[in-house]
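Here's the structure we're looking at; comments come further down.
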Amino acid sequence: MKKKLPAWALLLAVSIMTAGCGAGATQAGQTGQQEQNGQTVQDGKKGSASAQPGASGTAVNTPGQQTASDGKNGTTGGTGVASGAGGQASTDANAAKVRMDDVTALRLIDGKSGWIGGKGWIARTDTGTSGSAGAAWDVQYQGQGTVQQIFALNGQQAWAVMADSGSLLATQDGGKRWESIGTVPKQGQAGFLHFVSSKEGFTGNQYTKDGGQTWSALPVPDHTVGQPYYHDQQNGWAVTQSKEGSFGILHTTNGGQKWTTALSRTTEAPLNGVIIRSVERGNAWIELVGDTGMNQTSYSLWHTADSGQSWRAVLSNATAGGGPAPGISQQDHQVPKNEGAAPGMLYAVNSSTALMGGYCAPCDKPNTIGWTNDGGKMWNNGKQSFDGYGSQQIGMANAKEGWAIFSDSEKAPVMYTTSDGGQHWTQSHVFDKPAASGS
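Just so you know, the sequence shown maps onto residues -19 to -1, 1 to 420 in mature numbering (1 follows the signal peptide of the UniProt record, and there is no 0).
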């Protein structure tokens, strides 16, 4: 029986969120981290539970550690929730407050440390060199709302934005305390949240210089599709479509005072969404999303490493249901194709390396991950496929080390790690089975 295309893929095609780039300030591409934003997945036999609306809650210090022990059940200490290899929750009364059954945000610090978030919680792992990444988790925050994005500047400073409300949480001590510090304006909530210092950050065309307490708008060109992307206060990118049949990729180097057309293309497909990631000044990975139909979404991926003077078409995914890939003729068969019938998460590491998920709703294992490590000259489709009809999270610490987490409405989310840039993925952790599925 065919399964419905999850609403996160439809949401991606309409409003475009998420997903990111280098893992922290010490990693390549510190301002280009990717996050898949506030995915909402609904009905369908295999669909993930919807991300629920909610505002930020009061920070709660809950240092309980979740540890995978015997490969069957988790063990727990303090007030954390056990999430072992069998994905079964602890029976501890306090731990029962948190179920890690849908991972909606992921951010790495390095290959062994990072944060994840879900409905009303944020957790951190610091497995270290003695164990596999993600074997133990500390639930650091409990509150209201669903975590849409997490950005880590380093191992001490991080921010988390909540879906719908836009409430912004921040930590300055590695997550020992998360505090509500402000609200991301509505105009920037679907953008990619990233900070270039402890004070200066961006999401869409919104800019903060006080760590996220207050925000102001930077200029965007007319007829912008989706969210623009400011790499820093001066350098930004946007995609415009003033009429059917063509689009433009625009670039600014003076804070939006002047926008220059870096690429103009005719297209047989309308633009329904745009994802932009800029990991270095003058560098950009731009995903253009076309139409959706029959559980299929058409899209293309473009890359420049010289401020838009030259462009490479990295991916061209035309589909029977979605039509042609934006900006690429249906007669052009030279551009590689990503696996899957719809786009998954885009994660740009640096000017050479980017990974992208694929999604196939009718497939038994719907998730795949492909990559390039030469700036898009060659695209590699991974040989593995993964369970999970819900949210797809991909994060990289560098060009080699990364994590992927796939959620589902009926099964526990599963985490995988790679140490060779996505060529091979190894299962490292199983979280909690959704309560509705009868765990």
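Glycine included, C-beta positions come from ideal geometry on N, C-alpha and C.
- For the region 124 to 193, the full-length beta strand (DSSP E) segments reaching 3 residues or more read 139 to 143, 148 to 152, 160 to 164, 182 to 184, 187 to 189 along the chain.
- Distance from the CA atom of residue 326 to the CA atom of residue 373, rounded to whole angstroms, is 7 angstroms.
- Rounded to the nearest whole angstrom, the CA to CA distance from residue 175 to residue 184 is 7 angstroms.
- With 16 or more other CB atoms across the displayed protein chains lying within 10 angstroms of its CB, residue 186 is buried.
- With three or more CB-CB distances shorter than 8 angstroms, the region 213 to 223 counts as touching the region 240 to 257.
- As the crow flies, the alpha-carbon of residue 127 is around 18 angstroms from that of residue 417.
- The alpha-carbon separation between residue 198 and residue 161 amounts to approximately 21 angstroms.
- When Cβ pairs closer than 8 angstroms are counted between the two stretches, the region 325 to 340 is seen to touch the region 352 to 361, the count reaching three or more.
- In the DSSP annotation of this structure, the continuous segment of the beta strand (DSSP E) that includes residue 293 starts and ends at 293 to 298.
- When DSSP reads this structure, residue 227 sits in a beta bridge with 247.
- Shown here for residue 272: same chain residues with a beta carbon closer than 7 angstroms to its own, the five before and five after excluded, namely 250, 251, 253, 279, 303, 304 in chain order.
- In the same chain as residue 266, and ignoring 5 residues on each side of it, the C-beta atoms closer than 6 angstroms to its own belong to 258, 284, 329, 335, in chain order.
- The C-alpha of residue 82 is placed about 22 angstroms away from the C-alpha of residue 350.
- DSSP places residue 380 in the coil class of the three-state scheme, outside both helix and strand.
- Selection 321, 380, 389, 359 evaluated against residue 366 yields 321 as nearest (Cα-Cα).
- In the structure shown, residue 346 falls within a coil segment according to DSSP collapsed to helix, strand and coil.
- The bridge partners DSSP lists for residue 88 are 96.
- In the DSSP assignment, residue 217 forms a beta bridge with 211, 233.
- For residue 405, no beta strand (DSSP E) encloses it, and the DSSP letter there is neither H nor E.
- For residue 357, no beta strand (DSSP E) segment is defined, and its DSSP state is neither H nor E.
- Taking a cut-off of 8 angstroms on C-beta distances, the region 130 to 150 does not touch the region 400 to 416, as fewer than three cross pairs fall below it.
- Here the C-alpha atom of residue 158 lies approximately 15 angstroms from the C-alpha atom of residue 97.
- Each residue's CA atom was taken as its position, placing residue 407 and residue 136 some 24 angstroms apart.
- Residue 274 is classed as exposed because its beta carbon has fewer than 16 other beta carbons within 10 Å across all chains shown.
- For residue 284, the enclosing beta strand (DSSP E) has its first and last residue at 277 to 285.
- Between residue 85 and the set 181, 396, 108, 227, the nearest pair of CA atoms involves 396.
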